[in-house]
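Participant:
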Amino acid sequence: MSRLRVAIQKSGRLSERSLDLLKNCGLQFARSKDKLFWYGKDFPVDLLLVRDDDIPRLLLDGVCDLGIVGENIASEVMLERNVGDGLRCLRKLGFGHCHLSIAVPEDKDIIDSSQLEGKRIATSYPELTRYLLEEKGVKTEIFELSGSVEIAPSLGTADAISDLVSTGTTLRANHLRELEVIFESQAALYSRKGEIPGDKQQLMERLLARLEGVIQASKSKYVMLHAPREALEKVTELLPGVEHPSIMPLEGSDRIAIHAVCGEAVFWEHLEALKAVGASAILVLPVEKMLS
Ligand code: ATP
Ligand code: ZN
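Numbering (our numbering), first residue to last: 38 to 329.
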């Protein structure tokens, strides 16, 4: 019986969410002593806990079947290995959002990236930065640094930087100004491109269906309410992301009960609008699991 091996980040920004996601898919693990390999107890899926930078390489080399990693890292490694589309993105996971941006010293008179022609750019993403700037027709000299990229301009070793940004606080603290976003990223589930043996393929599909269910469930709410029969159409329109609600008659009343799974966030404004068209006894419940 074959097993799937999934690589996730050992410790860092993506670790907790990656592990939670897999646990919510019903996976349980026996941790090994060295904590790098976790054996899947009831479902044949094992985990390998590694540095995020190693995940795309482990997939390309066939050591792992699936990996959760930022799109930034996956793209950088594919360019570095010159494998173009060697990895397949199976599902963007909705966490680990950040973007790769070009930033310049606050006091420099630069308004767009075309003015960086021939300039020196410090970055931890040399391949991605070079590729994206060349796509814009800008040739630069790339200066690779593995960390503390943001101090390079003040040290006089670079004219600009290309770095990951989520809030911009680090940039401001280093007197840098965000010039242009060149790449948007979030965590995603990847596999290797190419033929996958039938039994592994089936396992992957089962895991993916569960994953889809977990992601959908976390976004969904179950809404129950009572409303006048003639308000059904208006109520359905007001329920976010609902097409076919379940409708039940209420004994001895001309009102009906409406139950629906809302695929989008439900805010107080939605409830107030429902009340305004005659709805009452409105309940909003979380959805724990979902399989369609
Ligand atoms: P490792 O030890 O695994 O190599 P790391 O220090 O390279 O860890 P983290 O800082 O944990 O990596 O970031 C992991 C990923 O989180 C990034 O590659 C990126 O996809 C995402 N991320 C989200 N927000 C940010 C941010 N503000 N800065 C950097 N990365 C971010
Ligand atoms: Zn890393």
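Beta carbons are placed, not taken as given, at the ideal position from N, Cα and C, and that holds for glycine.
Predicted model only: the values in this text are computed from it and were never measured.
Where does the unbroken alpha helix (DSSP H) through proline 93 begin, and where does it stop?
Facilitator: Where proline 93 is concerned, the enclosing alpha helix (DSSP H) stretches over 92 to 97.
Participant: Quick one: is methionine 115 buried, meaning 16 or more other Cβ sit within 10 Å of its Cβ, or exposed?
Facilitator: So methionine 115 counts as buried.
Participant: Name the residue from Val82, Glu215, Ile105 and Asp122 whose alpha carbon lies nearest to the alpha carbon of leucine 137.
Facilitator: Leucine 137 has its Cα closest to that of Glu215, out of Val82, Glu215, Ile105 and Asp122.
Participant: Closer than 6 Å between the C-beta and any heavy atom of ligand 2: which residues qualify, listed along the chain?
Facilitator: Here the residues come out as Arg88, Asp89 and Asp90.
Participant: I'd like to confirm something about serine 255: is its beta-carbon nearer than 8 Å to some heavy atom of ligand 1, or not?
Facilitator: Serine 255: no, Cβ never under 8 Å from ligand 1.
Participant: Aspartate 200 lies in the beta strand (DSSP E); which residues open and close that run?
Facilitator: 197 to 202 is the span of the beta strand (DSSP E), which, as asked, contains aspartate 200.
Participant: For serine 203, which option in Ala310, Pro142 and Glu221 has the closest C-alpha, if you only look at C-alpha atoms?
Facilitator: Per the Cα distances, Glu221.
Participant: Suppose you measure from the CA of leucine 59 to the CA of leucine 130; what does that come to, to the nearest Å?
Facilitator: Going from the Cα of leucine 59 to the Cα of leucine 130 covers about 11 Å.
Participant: Pull up the distance between the alpha-carbon of methionine 241 and that of leucine 41, whole angstroms please.
Facilitator: Taking the straight line from one Cα to the other gives about 8 Å.
Participant: Leaving aside the five residues before and after valine 251 along the sequence, list all residues of the same chain whose C-beta is less than 6 Å from its C-beta, in chain order.
Facilitator: Asn61 and Cys62.
Participant: If we ignore side chains and look at the alpha-carbon of each, how far apart do alanine 44 and glutamate 288 end up?
Facilitator: Rounded to whole angstroms, alanine 44 to glutamate 288 spans 55 Å at the Cα level.
Participant: Spell out a yes or no on whether the stretch 224 to 243 and the stretch 117 to 130 are touching, meaning 3 or more CB-CB pairs, one atom from each, closer than 8 Å.
Facilitator: Taking 8 Å as the limit for Cβ pairs, the verdict is that the stretch 117 to 130 does touch the stretch 224 to 243.
Participant: With DSSP as the reference, label glutamine 65 as helix, strand or coil.
Facilitator: In the structure shown, glutamine 65 sits in coil (DSSP, three-state: anything other than H, G, I, E or B).
Participant: Between the C-alpha atoms of aspartate 83 and leucine 276, what's the straight-line distance to the nearest angstrom?
Facilitator: The straight-line gap from Cα to Cα measures roughly 40 Å.
Participant: Below 9 Å between beta carbons: does that hold for leucine 153 and valine 175?
Facilitator: A contact, by the Cβ cut-off of 9 Å.
Participant: For ligand 1, any of its heavy atoms closer than 8 Å to the Cβ of cysteine 101?
Facilitator: Every heavy atom of ligand 1 is 8 Å or more from the Cβ of cysteine 101, so no.
Participant: What do you get for glycine 133, buried or exposed, if any count of 16 or more other CB atoms within 10 angstroms of its CB means buried?
Facilitator: By the neighbour-count rule (16 or more Cβ atoms within 10 Å), glycine 133 is buried.
Participant: Let me know the alpha helix (DSSP H) ranges lying completely inside the stretch 201 to 246, each 4 residues or longer, listed in chain order.
Facilitator: Whole alpha helix (DSSP H) segments, 4+ residues: 206 to 210.
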